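Engineer: I have a structure I would like to understand better, so I am pasting it below and will then ask my questions one at a time.
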Amino acid sequence: MTITSEDLPRLEGVLGTNSWWDSVDGLDKIAGEIAFRYPEAKSVLLDWNLSDNIWLRRVAIDHQLLRKQNTDTELLEKILINNLGQTEFFINKAIGWSLRDYSKVNPTWVRNFIARYEERLSPLSIREASKYL
């Protein structure tokens, strides 16, 4: 069975019911694979990153984990900026993880992002993002 961008509404439904970090963190890989293969899915992830549902936002933030050089930096930056200034632990942790993961291939970009948005990043996000810098 091939998963396509047409499966995102079903994934959104799953994320909207009885979600917790342990179930969501596996689904972000699926969303990431869809976005990587089907560029039109990026608009859905941009919508999710503005959702009132923290789990949709978390998937939008983390969907590019492990993409390394294939990370869409412009998309990553948009999603992260939209989620700065949050008090929600799971959002701030996701921001830090995304930055930490990307720092392995582009540490200069991550350092610059932290410096530019330091006042809006949570201490948790900064700590996680800085782990390999």
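The working numbering applies: residue 8 is where the sequence shown begins, and numbers increase by one. For every residue, glycine included, the Cβ atom is placed at its ideal position computed from N, Cα and C. Just so we're clear, the structure is a prediction, and the values are computed from it rather than from any experiment.
#1: Going by beta carbon distance, what residues of the same chain come within less than 7 Å of serine 58, once the five residues before and after it are set aside?
#2: Would you kindly check if the distance between the Cβ of leucine 131 and the Cβ of asparagine 90 is under 7 Å?
#3: Under the three-state reduction of DSSP, which class applies to lysine 111: helix, strand or coil?
#4: Please determine if the region 45 to 54 and the region 26 to 33 are in contact, where contact requires at least 3 C-beta pairs separated by less than 8 Å.
#5: So leucine 140 packs on arginine 118, CB below 8 Å; how close in whole Å?
#6: Among the residues of its own chain, which have a CB less than 6 Å from the CB of serine 12, if the five just before and after it don't count?
#7: Would alanine 67 and asparagine 56 qualify as a contact pair, given that the criterion is a beta-carbon distance under 7 Å?
Structural biologist: Taking the structure as given:
#1: Arg64
#2: no
#3: coil
#4: no
#5: 6 Å
#6: Ile41, Tyr45, Glu47, Ala48
#7: yes
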